[in-house]
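K.L.:
Can you keep this structure in mind? I'll have questions shortly.
There are 2 protein chains.
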Amino acid sequence: MTAEPTIAESATTKPHTHDRAPNASGAPTSDAITPSEWELMRIVWTSGEIPTRDIIALAQRKRNWSESTIKTLLTRLTKKGFLTATARSRKLFYTAAVPEISAMDDAANELFDHLCSMKKGSAIINLVQHQTMKKSDIYLLQELLAQKLATAPDTIACDCLPDGMSGGNCANCGC
Amino acid sequence: MTAEPTIAESATTKPHTHDRAPNASGAPTSDAITPSEWELMRIVWTSGEIPTRDIIALAQRKRNWSESTIKTLLTRLTKKGFLTATARSRKLFYTAAVPEISAMDDAANELFDHLCSMKKGSAIINLVQHQTMKKSDIYLLQELLAQKLATAPDTIACDCLPDGMSGGNCANCGC
DNA sequence: TTTATCTGTTTACAAGTGTAGACCCTTTGC
DNA sequence: GCAAAGGGTCTACACTTGTAAACAGATAAA
Numbered sequence: 111m112t113a114e115p116t117i118a119e120s121a122t123t124k125p126h127t128h129d130r131a132p133n134a135s136g137a138p139t140s141d142a143i144t145p146s147e148w149e150l151m152r153i154v155w156t157s158g159e160i161p162t163r164d165i166i167a168l169a170q171r172k173r174n175w176s177e178s179t180i181k182t183l184l185t186r187l188t189k190k191g192f193l194t195a196t197a198r199s200r201k202l203f204y205t206a207a208v209p210e211i212s213a214m215d216d217a218a219n220e221l222f223d224h225l226c227s228m229k230k231g232s233a234i235i236n237l238v239q240h241q242t243m244k245k246s247d248i249y250l251l252q253e254l255l256a257q258k259l260a261t262a263p264d265t266i267a268c269d270c271l272p273d274g275m276s277g278g279n280c281a282n283c284g285c
Numbered sequence: 111m112t113a114e115p116t117i118a119e120s121a122t123t124k125p126h127t128h129d130r131a132p133n134a135s136g137a138p139t140s141d142a143i144t145p146s147e148w149e150l151m152r153i154v155w156t157s158g159e160i161p162t163r164d165i166i167a168l169a170q171r172k173r174n175w176s177e178s179t180i181k182t183l184l185t186r187l188t189k190k191g192f193l194t195a196t197a198r199s200r201k202l203f204y205t206a207a208v209p210e211i212s213a214m215d216d217a218a219n220e221l222f223d224h225l226c227s228m229k230k231g232s233a234i235i236n237l238v239q240h241q242t243m244k245k246s247d248i249y250l251l252q253e254l255l256a257q258k259l260a261t262a263p264d265t266i267a268c269d270c271l272p273d274g275m276s277g278g279n280c281a282n283c284g285c
């Protein structure tokens, strides 16, 4: 035997109560990546296929995590379907099961899903203000904006209250 | 007595283990707003001062929550410092303790904090693509971008691996 | 005044998350 | 061949989040 997955069979189909927003991109329909887990995902995305040991080494250089903690997180990520573990010569090699971009986009979109529609624009502006973007991205964004402008509405109503429930008292748009 | 806070003294200073990222904006230094909690916060932000009963009515029109659930969430939000409860004639009136924009910005910035610096630009582009912005916001953003362009770097390195640890194997920028 | 109702406070409980020790098997060094 | 080391899996445990019932005090209705 040389490359057969001998250890870990993963994929536990356990029914869960909480109805988290189902993942948008084609990939795994499971829970989201938690803050701690992001750290590990980034290492894997950036390194390509990488063995546990190396992940531990890299992770410990940024976080005060015990080896155990990292192993647990890796297992969870695998169960959730974000990582794929392949056993080779009695060691596990991890690979990302979802593209980094998709994961990022999903996370961002999900966050924006619970923001007031009326104010999403400001939130985006805030991001552009605080985050550094490279020139090429700015160019892309400028193009995109120019396009968007054509069909953009003049105003967007606040959708924080159920339909017709604001009765002119909306502290935002007075709807 | 007419407007003294008779019920609920709130503010429980319990020490907690997990070190969540401390809130950036001047406001409360506590845990973040959870998805379910956002729903309620939006109602309060939009309605200004509002009594429990009304929040319950509004909330139940969007989510299948029991009265009890909503009350629990409100209490938690108050404890976390996102809402302020004032007792008047034996009823609690809630007010937002943090501006909506700050909360949104904090949430967005926090999310972006665990994304690869190199790819934050794409994530923002994705947002602009998927979210609808009104014309005026687009204009603002365009101005902002024009400014930003002046000092924007040509490239941004991937910072997913600890410094100097990528050894030319970074699957992204080959750093 | 007696009771039903409103509303706030307590308690509950399962699942998720942060964090990590314990255990177990295999490979390797002596 | 036996002990140490390496690496995978189990178990643990406190805290958070989603959800809600139970309980208590006050007030309004009968």
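Here the protein sequences line up with chains A and B, keeping their order.
Just add 110 to the spot in the first sequence (first one is 1) and you have this note's numbering.
Just add 110 to the spot in the second sequence (first one is 1) and you have this note's numbering.
For glycine and all other residues, C-beta sits at the position ideal for the given N, C-alpha and C.
Between the segment 138-157 of chain A and chain B, which residues of the former have CB atoms less than 8 Å from a CB of the latter, in chain order?
P.N.:
Pro145, Trp148, Glu149, Arg152, Ile153, Trp155, Thr156, Ser157
K.L.:
Kindly say whether lysine 245 of chain B, judged by its beta-carbon, lies nearer than 8 Å to any beta-carbon of chain A.
P.N.:
Yes, contact with chain A.
K.L.:
Does the Cβ-Cβ distance between leucine 187 of chain B and leucine 150 of chain B come in under 8 Å?
P.N.:
yes
K.L.:
Using DSSP's beta-bridge definition, name the partner residues of threonine 242 of chain B.
P.N.:
Answer by DSSP bridge pairing: none, since threonine 242 of chain B is not bridged.
K.L.:
Give me the chain B residues within the contact set of asparagine 174 of chain A, using Cβ-Cβ distance strictly less than 7 Å, ordered along the chain.
P.N.:
Within 7 Å Cβ-Cβ: nothing; asparagine 174 of chain A doesn't reach chain B, min ~10 Å.
K.L.:
If alanine 142 of chain A sits next to alanine 233 of chain A, beta carbons under 8 Å apart, how far is it from one beta carbon to the other, in whole angstroms?
P.N.:
19 Å between Cβ atoms; not a contact.
K.L.:
Ignoring anything shorter than 4 residues or poking outside the segment 177-241 of chain B, list the alpha helix (DSSP H) runs there in chain order.
P.N.:
177-190, 210-223, 230-240
K.L.:
Comparing alpha-carbon positions, which option in B:Ala197, B:Asp223, B:Leu183, B:Glu253 lies nearest glutamine 241 of chain A?
P.N.:
B:Asp223
K.L.:
Can you tell me the Cα-Cα spacing of glycine 136 of chain A and asparagine 219 of chain A, whole angstroms?
P.N.:
Interpretation of glycine 136 of chain A is limited by its pLDDT of 37, a score under 50 that renders its predicted location unreliable; the figure taken from the coordinates is listed afterwards. When rounded, the distance between both Cα atoms is 15 Å.
K.L.:
How many whole angstroms separate the CB atoms of lysine 230 of chain B and methionine 243 of chain A, which I take to be in contact at a CB cut-off of 8 Å?
P.N.:
The pair is a contact, with the Cβ atoms about 7 Å apart (cut-off 8 Å).
K.L.:
What residue does the alpha helix (DSSP H) around proline 263 of chain A start on, and which one ends it?
P.N.:
Here proline 263 of chain A belongs to no alpha helix (DSSP H), and DSSP marks it neither H nor E.
K.L.:
In chain A, which residues lie with their C-beta within 8 Å of the C-beta of isoleucine 106 of chain B?
P.N.:
Residue 106 of chain B lies beyond the range of chain B shown here (111 to 285); nothing can be said about it.
K.L.:
My output table needs one value for proline 145 of chain B: the three-state DSSP class, helix, strand or coil.
P.N.:
helix
K.L.:
Thinking C-beta only, is phenylalanine 203 of chain B closer than 8 Å to proline 263 of chain B?
P.N.:
no
K.L.:
Please compile the residues from chain A whose C-beta is within a distance smaller than 7 Å of the C-beta of leucine 225 of chain B.
P.N.:
Met214
K.L.:
Starting from the C-beta of glutamate 159 of chain B, find all residues in its chain whose C-beta is less than 6 Å away, skip the five residues before and the five after it, and write them out in chain order.
P.N.:
Phe203, Thr205
K.L.:
Would you tell me roughly how many angstroms separate the C-alpha atoms of serine 178 of chain B and valine 238 of chain B, rounded to the nearest one?
P.N.:
38 Å
K.L.:
Name the chain B residues that come within less than 9 Å of serine 232 of chain A, Cβ to Cβ?
P.N.:
Chain B residues near serine 232 of chain A: Ile211, Met214, Asp215, Asp247, Leu250.
K.L.:
Verify the CB distance criterion: does leucine 286 of chain A have a CB-CB separation below 8 Å to chain B?
P.N.:
Residue 286 of chain A cannot be examined here, being either before or after the span of chain A that is shown, 111 to 285.
K.L.:
Among A:Leu250, A:Ile211, A:Thr265, A:Cys270, whose alpha-carbon lies nearest the alpha-carbon of aspartate 247 of chain B?
P.N.:
A:Thr265
K.L.:
Taking leucine 193 of chain B as the reference, which of B:Thr156, B:Val208, B:Lys245, B:Arg200 has the closest Cα?
P.N.:
It is B:Val208.
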